[in-house]
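To keep things clear, I will list the structure first and then write my remarks on it.
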Amino acid sequence: MVTDSEKEVAYQVERGVHSSKDGSSLADGSMPDLVWSDEEEKRIRRKIDWHCVPLVTLLYMLCFLDRINIGNARIQGMNKPDLPHGMDLSGFRFNWALSIFYIIYLLVEVPSNILLKHIGPRFFLPLLVCAFGLVSMCTAFVTTFEGLLGARAVLGVFEGGAMPGMAFFLSCFYKPNELLFRIGIYVSAASIAGAFGGLLATGLARIPYWGVAAMRIGTWQNIFFFEGLITIIIGGLAPIWMPTKPSDAYFLDERERLIAAERLVRDHRADPDEKVSWAHVKHAVTSLHTYTCALGFFLINITVQGISVFLPLILQDLGWTDTKAQLYSVPPYVVACAAAVAVAYASDKTHQRGIYLAVFSLLSMAGFAILRWSSDPNTRYGAVFLVTLGAFPGGPGFLSWAINNSGGPSVRAVTSAYVVSLGTMGGIVATWTYTYLDAPKYPIGHTINLVGQLIVVCLSLFGIFYCSWENKQREAGKRDHRLEGLSVEDQHKLGDRHPRFRLWT
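If you're matching positions, the sequence shown starts at 0 in numbering that gives the first Met the number 0 and goes up one per residue.
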């Protein structure tokens with residue numbers, strides 16, 4: 000039975016203050032005597048917003064752009080061996096080139112995030128950006144299918160740590176109720192990349208052939224070369240702007256740094272400098288909610304990654320020219336970007352995750368149903384808007400939901416990487432949803448995505464039910480036995496299993 004004294008200690012652990020019973024603090028570095036106003040905290044948060052969110056958004060946009068530009072390059076002649084520097088991508092070869100990227104990407108996500116936790120983001124994340132920019136630029140010189148496979152595999156090595164790394168980086172600066180809006184902004188860079196990629200590919204492909212006589216570059220090669228070059232330049236400059244953690248943020252004064260760090264210690268009930276241990280890994284990978292979010296992310300990824308790569312081809316198969324297909328791929332991404340940011344903002348304000356995921360997945364279901372059974376090109380193009388509107392908010396939604404319900408920075412680091420790792424398997428499936436055998440209407444691909452979005456709705460509703468049920472169990476005192484016989488420090492280590500921790504629904 001838990002005593003009143005133990006409950007009081009637990010309450011103090013939750014509130015992030017000194018224990019009145021033994022004088023110990025919540026965690027190493029906690030300063031319970033530090034006091035600040037809401038207005039002061041808001042001012043500090045705005046400074047963090049301006050120095051972290053735009054940079055991370057830009058870096059992730061470059062990451063996604065270098066990932067999906069192969070789809071733009073394909074309809075600009077990359078898969079036509081009779082054209083200069085074209086290669087044979089007939090049959091399933093293009094699908095294999097896409098799959099190898101996600102297979103490697105999947106394998107490096109968790110190790111990369113653990114490495115990030117030890118090294119710090121200021122140089123590690125920009126290093127990844129410069130590396131995948133270099134690989135993208137070198138892809139311009141690939142002339143064989145085997146060379147393309149190698150380039151895509153190496154690209155996966157460096158891009159694998161980018162998305163979970165950036166999500167973890169933001170979680171080190173923001174409280175759970177502030178997080179999704181920021182992750183929503185940076186993940187919306189995927190839709191920005193889709194829109195910008197179509198416009199950029201159209202312009203770059205029109206640059207006349209240039210270079211030395213032994214290696215002339217033009218059409219689809221320009222897409223890889225110049226987009227990779229831009230990525231390298233921006234990645235090389237990123238450490239100048241990027242902070243490492245709140246406690247040493249260069250753009251804050253000494254008091255602001257103390258507040259920025261302390262507010263997270265009290266809210267997360269954890270030491271932000273704790274190292275990742277096997278206990279943290281076990282905690283993250285044995286959580287039912289982690290798997291709920293990971294499966295949802297997996298299904299969302301089938302749609303988002305598939306549409307991102309195959310949309311130019313799907314539009315081209317409506318009977319449109321290469322240029323028209325590239326340009327008409329832009330508006331659906333603009334709508335997706337606006338939706339992702341708006342949903343993230345509303346979700347943070349209402350402290351709800353699952354209901355938004357369920358409702359917007361219904362829109363994607365409607366879009367894929369139209370694509371599956373309609374034959375009118377204009378109607379099918381309109382359905383693409385429903386698909387992007389409904390699917391793109393899902394990725395940041397499931398990722399933030401998993402992070403919000405993980406206690407402690409080390410557990411969050413592993414959880415974010417693990418969810419994205421399992422979700423990346425959806426990217427592998429996505430590369431096989433649209434094949435040449437299914438063209439031009441792609442009924443199999445659209446059916447797979449339709450069923451996937453239906454399951455997303457069910458998972459979202461299950462997540463709401465499970466988190467609500469678990470919160471009620473804790474409110475009824477049915478989880479208080481977890482505190483029995485534990486010191487304040489050991490109680491703190493319970494993280495999201497602590498009876499006073501409340502799960503987001």
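Note that beta-carbon positions come from the ideal geometry of N, C-alpha and C, so glycine has one too.
Straight-line Cα distance separating residue j from residue i
i, j, result
"F500", "C466", "11 Å"
"F303", "E488", "It should be noted that the sequence gives Val, not Phe, for residue 303. Answer to the nearest angstrom: the Cα atoms are 42 Å apart."
"L133", "L126", "11 Å"
"F168", "G444", "35 Å"
"N300", "A390", "9 Å"
"N176", "A343", "10 Å"
"P245", "L257", "8 Å"
"S98", "T430", "6 Å"
"A237", "M162", "16 Å"
"P331", "A139", "28 Å"
"K46", "E39", "11 Å"
"T414", "C336", "25 Å"
"I427", "T434", "13 Å"
"K20", "G476", "With a pLDDT of 36 at K20, under the threshold of 50, the predicted position of this residue should be treated as unreliable, though the coordinate-derived value follows. Whole-angstrom Cα-Cα distance: 21 Å."
"F180", "A260", "20 Å"
"D421", "G210", "Note on identity: in this sequence residue 421 is Leu, with Asp being the wrong assignment. Their Cα atoms are separated by approximately 42 Å."
"Q472", "K440", "49 Å"
"D347", "W400", "10 Å"
"T291", "I239", "38 Å"
"L482", "G462", "25 Å"
"C171", "R254", "18 Å"
"G484", "S187", "46 Å"
"L25", "H497", "For L25, the pLDDT reaches just 41, beneath the cut-off of 50, and the residue's location in the model is therefore unreliable, although a value from the coordinates is still provided. Taking the straight line joining both Cα atoms gives about 14 Å."
"T432", "V141", "26 Å"
"L317", "N448", "19 Å"
"P80", "V329", "28 Å"
"D252", "I232", "30 Å"
"V410", "V450", "32 Å"
"S286", "R215", "53 Å"
"R478", "G381", "50 Å"
"W529", "Y327", "Since the first residue of the chain shown is 0 and the last is 504, residue 529 is not available in this structure."
"T504", "S486", "30 Å"
"I454", "I206", "45 Å"
"C137", "F464", "49 Å"
"L460", "V55", "31 Å"
"N78", "K492", "54 Å"
Pick from the options that is closest to residue i, judged by C-alpha positions
i, options, result
"V383", "T285, L312, G85", "L312"
"V534", "A293, F144, L115, Y173", "Here the chain has residues from 0 to 504 only, and residue 534 is not among them."
"A166", "S89, A152, L398, P245", "L398"
"A72", "N112, V455, L198", "L198"
"N403", "Q351, V386, A188", "Q351"
"T423", "G159, F225, F367, K348", "G159"
"G70", "Q315, I216, D437", "Q315"
"I67", "K79, R151, M86", "R151"
"A96", "C137, L61, L154, G76", "L154"
"V284", "S405, V141, E483, G462", "S405"
"L148", "L287, A278, F122, R92", "R92"
"I222", "S374, T56, I74, K41", "I74"
"E226", "A248, F195, R215, D252", "F195"
"T143", "M60, G235, G85", "G85"
"W35", "R478, M60, R262, F309", "R262"
"A248", "M60, N78, P207, G119", "G119"
"A324", "R265, P207, P376", "P376"
"G234", "L124, D32, T349, R42", "L124"
"G146", "L310, K41, D87", "D87"
"S190", "D37, I354, L436, C62", "C62"
Cβ pair residue i, residue j closer than 7 Å
i, j, result
"A192", "L64", "yes"
"G407", "G494", "yes"
"L502", "E474", "no"
"N112", "G164", "yes"
"L458", "L294", "yes"
"V386", "G366", "yes"
"W219", "G76", "yes"
"F297", "G425", "yes"
"M241", "R44", "no"
"A130", "F100", "no"
"L362", "L388", "yes"
"T320", "T201", "no"
"K116", "A438", "no"
"H50", "F250", "yes"
Whole-Å CB distance - residue i paired with residue j, under 8 Å assumed
i, j, result
"S135", "T230", "6 Å"
"I184", "V340", "6 Å"
"A416", "V128", "A416 to V128, Cβ: 17 Å. No contact."
"P392", "A338", "6 Å"
"T446", "R379", "15 Å between Cβ atoms; not a contact."
"Q490", "M364", "Contact doesn't hold; Cβ gap of about 44 Å is too wide."
Taking only runs of the beta strand (DSSP E) that begin and end inside the stretch 276-350, which ones reach a length of at least 3 residues, in chain order?
-> Counting only runs of 3 or more, we get nothing.
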